[in-house]
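Novice: Chains as they are written, first to last, in the working numbering: chain Z, 115 to 442; chain R, 115 to 442. Quick reminder that beta carbons are idealized off the backbone N, C-alpha and C, glycines included.
There are 2 protein chains.
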Amino acid sequence: MSEATLDIIGIGNAIVDVQARAENDFLVERGLDKGAMRLIDAEEAEALYDAMGPGTESSGGSAANTCAVAAALGARVGYLGKVAADALGRVFAHDIRAAGVHFPTPPLEGGAPTARCLILVTPDGQRTMNTFLGAAVHFTEGDADPTEVARAGILYLEGYLFDPPAAQAAFRAAARAAHAAGRRVALTLSDPFCVHRHRDAFREFVRKEADILFTNEAEILALYETEDFAEAARQVATEVSLAALTRSERGSVLLAGGERHEIAAAPAQVVDTTGAGDAYAAGVLAALARGLPLPECGRWGSVAAAEIIGHFGARPQADLRRLLGVAA
Amino acid sequence: MSEATLDIIGIGNAIVDVQARAENDFLVERGLDKGAMRLIDAEEAEALYDAMGPGTESSGGSAANTCAVAAALGARVGYLGKVAADALGRVFAHDIRAAGVHFPTPPLEGGAPTARCLILVTPDGQRTMNTFLGAAVHFTEGDADPTEVARAGILYLEGYLFDPPAAQAAFRAAARAAHAAGRRVALTLSDPFCVHRHRDAFREFVRKEADILFTNEAEILALYETEDFAEAARQVATEVSLAALTRSERGSVLLAGGERHEIAAAPAQVVDTTGAGDAYAAGVLAALARGLPLPECGRWGSVAAAEIIGHFGARPQADLRRLLGVAA
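Put into structure tokens, the structure is as follows:
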């Protein structure tokens, strides 16, 4: 097993977020499930964009957010994901590289446009996401470069990649490449609806491939088809070596073998919860990469999440290392 | 004189802002004057974008920001400005229309791309702006539709329009159309460097065409080539019927004929001063359109500015009418 030259490599849908404030009525009128992510086609994306309020564009994508936050925390990070050779693709590539993340995936030429997620933020700070995947569905096995994957101590995969069929295959190939190189594989379940859509595939992947699992309450209940969080937690602890269960303002629970650590949420003023889970995962992974003990990994996750929900957008604005009180 | 069907129509450079945090050293290394706006060409725009940090894209443009804020304050608002038929142009048009602003200018086909302003926000909340004008310089007399201009009670012009030569002609044509229809003409000086570049033209326009002038301290000192604010204030009061002089955290002064009103700044936590002056002008103009007394016009300006500097970006996020305690 060669030495890792990256701490983390993420794979995910490479997406530019278009965030706008929306009233609850706007969601109700359009039958949108508050807080969920749904996939929309090009036509619906146009129609919804025309109807929604003034927006702010910023690079997003769940795993890409995690990678940007982990880099801000001092980890050595890479990212694989597919944008198009268009204006939004240029924005995505600029932003992730400017965040200090190695991003080698070539853009898609002459096909679908760069993926965008139309995010409606309601006055309660919740976000309802409408994703047009565009070029992101063209992320295929060839893009999951095994040499890049083998460079990183932890491969981090977002559950949303189960949606594009070709990406699912790339996902499995990347996990095999990581394990072949003696690396760990981390998965985030991403979204309860995504778990419903692909439950069997997720169950199998968690059992057979995932060493580390990130999930919130709704997602893990969906995964194990139970209403009982304690039961779901018991089950996941037998399937992965480290499970990080997030519970919004009630903090998180880290389970590793027989260990159980309850982690408090860091104080935060909720402006916009977009990217909170992504930032939490980044904190945990960046601390794991430094070899820190689990309670400290949890604290890094909580502090990173608190910074992200205190402002609009899913990428950090403050100096995270200063917030954590750690050296650069 | 027919009845106005709009309260305000703005004309300005239609720009998408790309904002990124930057350290003071970044400005020093590149010889950038903190707090100023400078014009850059396509090549320099590429180089600076490559070097700067992760960005957030949002619609900007000084007069366009003012129009969006005035619409949020309940005024009936139109805007004229030139974007290209490209992705950023689509973003600009969507955002200003979604803000409730009438925006009839057709996009430029097959020419320069939509203008962008690369804004570097330093830890002190100041912004240093680097503008590539692109399609905005193709705003010509034909775009300053006299029918649209005549619809609005107040024509609002940004001083930055003195930079593109064709826009300057359009600017004068619009002022003539407004006065011919019995409307008022308002001007904002925009930037001290812009005033230096075009001082004689500004002086003449203020004396001959402007009924209302918005300016900050640095701008009015540049206009009258003096170091003495009181002297500059005395002079401007003889040249326009209403002058609004802004002094950052020291509030503003409204001068109209013999009247002088000192307006306190509204309490604000400075996150990013981008658009503070634009929002102040919007507050004053929207209140003028309602026929409110001058001290109340000043209060509207202060409250709108305080909202804008409390977050990243130059367009409002909170409910401005609620902040002012006025009915919708």
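Could you please tell me which residues of the region 171-186 of chain R, in chain order, have their CB closer than 8 Å to any CB of chain Z?
Specialist: Listed in sequence order: Glu171, Ser172, Ser173 and Ala182.
Novice: Please say whether Leu153(Z) and Asp314(Z) have beta carbons closer to each other than 8 Å?
Specialist: In the first sequence, residue 314(Z) corresponds to position 200, counting from 1. In the first sequence, residue 153(Z) corresponds to position 39, counting from 1. No, the Cβ-Cβ distance between Asp314(Z) and Leu153(Z) is not below 8 Å.
Novice: Rounded to whole angstroms, what's the CA-CA distance from Ala281(R) to Gly124(R)? Just pull it up for me.
Specialist: Locating residue 281(R) in the second sequence gives position 167, where the first residue counts as 1. Locating residue 124(R) in the second sequence gives position 10, where the first residue counts as 1. So the alpha carbons of these two residues sit roughly 13 Å apart.
Novice: By Cβ distance below 6 Å, which residues in the same chain neighbour Ala287(Z) in space, the five residues on each side in sequence not counted?
Specialist: Here residue 287(Z) refers to the residue found at position 173 when the first sequence is read from its first residue. Hits under 6 Å: Glu255 and Ala258.
Novice: Where does Glu117(R) fall in DSSP's three states?
Specialist: Your numbering for residue 117(R) matches position 3 in the second sequence. Glu117(R): coil per DSSP, three-state reduction.
Novice: Please compile the residues from chain R whose C-beta is within a distance smaller than 9 Å of the C-beta of Arg429(Z).
Specialist: Here residue 429(Z) refers to the residue found at position 315 of the first sequence. In chain order, Pro168 and Thr170 make up the part of chain R whose C-beta sits under 9 Å from the C-beta of Arg429(Z).
Novice: I need the DSSP call for Gln133(R), collapsed to helix, strand or coil.
Specialist: Position 19 of the second sequence, counted from the start, is the residue given in the question as residue 133(R). Strand, per DSSP.
Novice: Pick helix, strand or coil for Asn244(Z), following the three-state DSSP scheme.
Specialist: Reading the first sequence from its first residue, position 130 is the one you call residue 244(Z). It is a strand residue.
Novice: Roughly how far, in whole angstroms, is the beta-carbon of Asp392(R) from the beta-carbon of Thr180(R), given that I think they are within contact range, below 8 Å?
Specialist: Position 278 of the second sequence, counted from the start, is the residue given in the question as residue 392(R). Position 66 of the second sequence, counted from the start, is the residue given in the question as residue 180(R). Sure, about 5 Å apart at Cβ, within 8 Å.
Novice: Determine whether the beta carbon atoms of Ala379(Z) and Gly389(Z) lie at a separation below 8 Å.
Specialist: The residue labelled residue 379(Z) in the question sits at position 265 within the first sequence. The residue labelled residue 389(Z) in the question sits at position 275 within the first sequence. Cβ distance not < 8 Å, so Ala379(Z) and Gly389(Z) don't count as in contact.
Novice: Cβ closer than 8 Å: which chain Z residues qualify as neighbours of Asp209(R)?
Specialist: Numbered from 1 along the second sequence, position 95 holds the residue referred to as residue 209(R). By Cβ distance, chain Z contributes Pro168 and Gly169.
Novice: Could you have a look at Ile334(R) and say whether DSSP puts it in helix, strand or coil?
Specialist: Here residue 334(R) is taken as the residue at index 220 of the second sequence, counted from 1. Residue state, collapsed to three classes: helix.
Novice: Report the residue from Asn244(Z), Leu303(Z), Val417(Z) and Ile334(Z) whose alpha carbon sits nearest the alpha carbon of Cys231(Z).
Specialist: As a first step, residue 231(Z) must be located in the first sequence, where it is residue number 117. Looking at the Cα atoms, Asn244(Z) is the closest of the given residues.
Novice: Helix, strand or coil for Glu57(Z) per DSSP?
Specialist: Residue 57(Z) lies beyond the range of chain Z shown here (115 to 442); nothing can be said about it.
Novice: Determine the closest residue to Leu146(R) out of Ala396(R), Thr242(R) and Gly188(R), with distance taken between C-alpha atoms.
Specialist: As a position in the second sequence, residue 146(R) is number 32, starting the count at 1. Of the candidates Ala396(R), Thr242(R) and Gly188(R), the one whose C-alpha sits nearest the C-alpha of Leu146(R) is Thr242(R).
Novice: Would you decide whether Val333(R) is buried or exposed? Buried here means 16 or more other CB atoms lie within 10 Å of its CB.
Specialist: To locate residue 333(R), count along the second sequence from 1; it is residue 219. A small fix is needed here, since residue 333(R) is Glu in this sequence, not Val. With a threshold of 16 other beta carbon atoms within 10 Å, Glu333(R) meets it and is buried.
Novice: Taking only beta-carbon atoms, is Arg241(Z) less than 8 Å away from chain R?
Specialist: The residue given as residue 241(Z) occupies position 127 in the first sequence. Not closer than 8 Å to any Cβ of chain R, the Cβ of Arg241(Z) fails to qualify, so no.
Novice: Looking only at DSSP bridge pairs, what is His216(Z) linked to?
Specialist: Numbered from its first residue, the first sequence carries residue 216(Z) at position 102. Paired residues: Gly192(Z).
Novice: Using the rule of at least 16 other Cβ atoms within 10 Å of the residue's Cβ for burial, across every protein chain shown, is Glu323(Z) buried or exposed?
Specialist: Counted from its first residue, the first sequence places residue 323(Z) at position 209. Per the 10 Å Cβ criterion, buried.
Novice: If I follow the unbroken beta strand (DSSP E) through Gly267(R), where does it start and stop?
Specialist: Position 153 of the second sequence holds residue 267(R). That run of the beta strand (DSSP E) goes Ala266 to Glu272.
Novice: Please name the residue, chosen from Arg311(R), Ala291(R), Val309(R) and Glu272(R), that lies closest to Ala300(R) on a Cα-to-Cα basis.
Specialist: What you label residue 300(R) is simply residue 186 of the second sequence in a count that begins at 1. For Ala300(R), the nearest C-alpha among the options comes from Glu272(R).
Novice: I'd like to know whether the C-beta atoms of Ala128(R) and Val197(R) end up nearer to each other than 8 Å.
Specialist: Residue numbering aside, residue 128(R) sits at position 14 when the second sequence is read from its first letter. Residue numbering aside, residue 197(R) sits at position 83 when the second sequence is read from its first letter. Yes. Within cutoff.
Novice: Flag this pair as yes or no: are the beta carbons of Thr228(R) and Leu202(R) separated by less than 8 Å?
Specialist: If you number the second sequence from 1, residue 228(R) lands on position 114. If you number the second sequence from 1, residue 202(R) lands on position 88. Yes; because the gap between Cβ atoms is below 8 Å, this pair is in contact.
Novice: In terms of residues, what are the limits of the alpha helix (DSSP H) holding Thr180(Z)?
Specialist: For the purposes of this step, residue 180(Z) is taken as residue 66 along the first sequence, with counting starting at 1. Annotation for Thr180(Z): the continuous alpha helix (DSSP H) segment containing it runs Ser176 to Ala186.
Novice: Give me the residue from Gly175(Z), Leu194(Z), Val205(Z) and Val263(Z) with the minimum Cα distance to Thr119(Z).
Specialist: Here residue 119(Z) is taken as the residue at index 5 of the first sequence, counted from 1. Looking only at Gly175(Z), Leu194(Z), Val205(Z) and Val263(Z), the smallest Cα-Cα distance to Thr119(Z) is reached by Val263(Z).
Novice: Beta strand (DSSP E) containing Leu232(R): first to last residue?
Specialist: Taking the second sequence and counting its residues from 1, one reaches residue 232(R) at position 118. Start and end: Ala229 to Val235.
Novice: Mapping DSSP to helix, strand and coil, what is Ala199(R)?
Specialist: Your numbering for residue 199(R) matches position 85 in the second sequence. Looking at Ala199(R) - three-state DSSP - the assignment turns out to be coil, as it is neither helix nor strand.
Novice: With a threshold of 6 Å on Cβ separation, who are the neighbours of Ala490(Z) within its own chain once the five nearest residues in sequence on each side are excluded?
Specialist: Residue coverage of chain Z in this structure runs from 115 to 442, which leaves residue 490(Z) outside it and unanswerable.
Novice: Ala403(Z) and Glu410(Z) - do their beta-carbons sit closer together than 8 Å?
Specialist: As a first step, residue 410(Z) must be located in the first sequence, where it is residue number 296. As a first step, residue 403(Z) must be located in the first sequence, where it is residue number 289. In this structure, Ala403(Z) does not lie closer than 8 Å to Glu410(Z) by Cβ.
Novice: Scan the region 132-145 of chain Z for residues whose Cβ lies nearer than 9 Å to a Cβ of chain R and list them as they occur along the chain.
Specialist: Here the close residues are Val132, Ala134 and Arg135.
Novice: Excluding the 5 residues preceding and the 5 following Glu353(R) in the sequence, name in chain order all residues of the same chain whose CB lies nearer than 7 Å to its CB.
Specialist: Along the second sequence, one-based indexing puts residue 353(R) at 239. So the qualifying residues of the chain are Val320 and Arg321.
Novice: I'd like to know whether the C-beta atoms of Phe307(Z) and Met151(Z) end up nearer to each other than 8 Å.
Specialist: Here residue 307(Z) corresponds to residue number 193 of the first sequence, with the count starting at 1. Here residue 151(Z) corresponds to residue number 37 of the first sequence, with the count starting at 1. Their beta carbons are under 8 Å apart, which means Phe307(Z) touches Met151(Z) by this criterion.
Novice: Under three-state DSSP, which class holds Leu434(Z)?
Specialist: Here residue 434(Z) refers to the residue found at position 320 when the first sequence is read from its first residue. DSSP places Leu434(Z) in helix when its eight states are reduced to three.
Novice: Please compile the residues from chain Z whose C-beta is within a distance smaller than 8 Å of the C-beta of Ala201(R).
Specialist: Your numbering for residue 201(R) matches position 87 in the second sequence. Those are Asp200, Ala201 and Leu202, listed as they occur along chain Z.
Novice: Where does Leu153(Z) sit, in a helix, a strand or coil, going by DSSP?
Specialist: Counted from its first residue, the first sequence places residue 153(Z) at position 39. It is a strand residue.
Novice: To the nearest angstrom, report how far apart Cys183(R) and Ile233(R) are at their CA atoms.
Specialist: Residue mapping note: residue 183(R) aligns to position 69 of the second sequence, counting from 1. Residue mapping note: residue 233(R) aligns to position 119 of the second sequence, counting from 1. The residue you asked about is not Cys; residue 183(R) is Val in the sequence shown. Rounded to whole angstroms, Val183(R) to Ile233(R) spans 20 Å at the Cα level.
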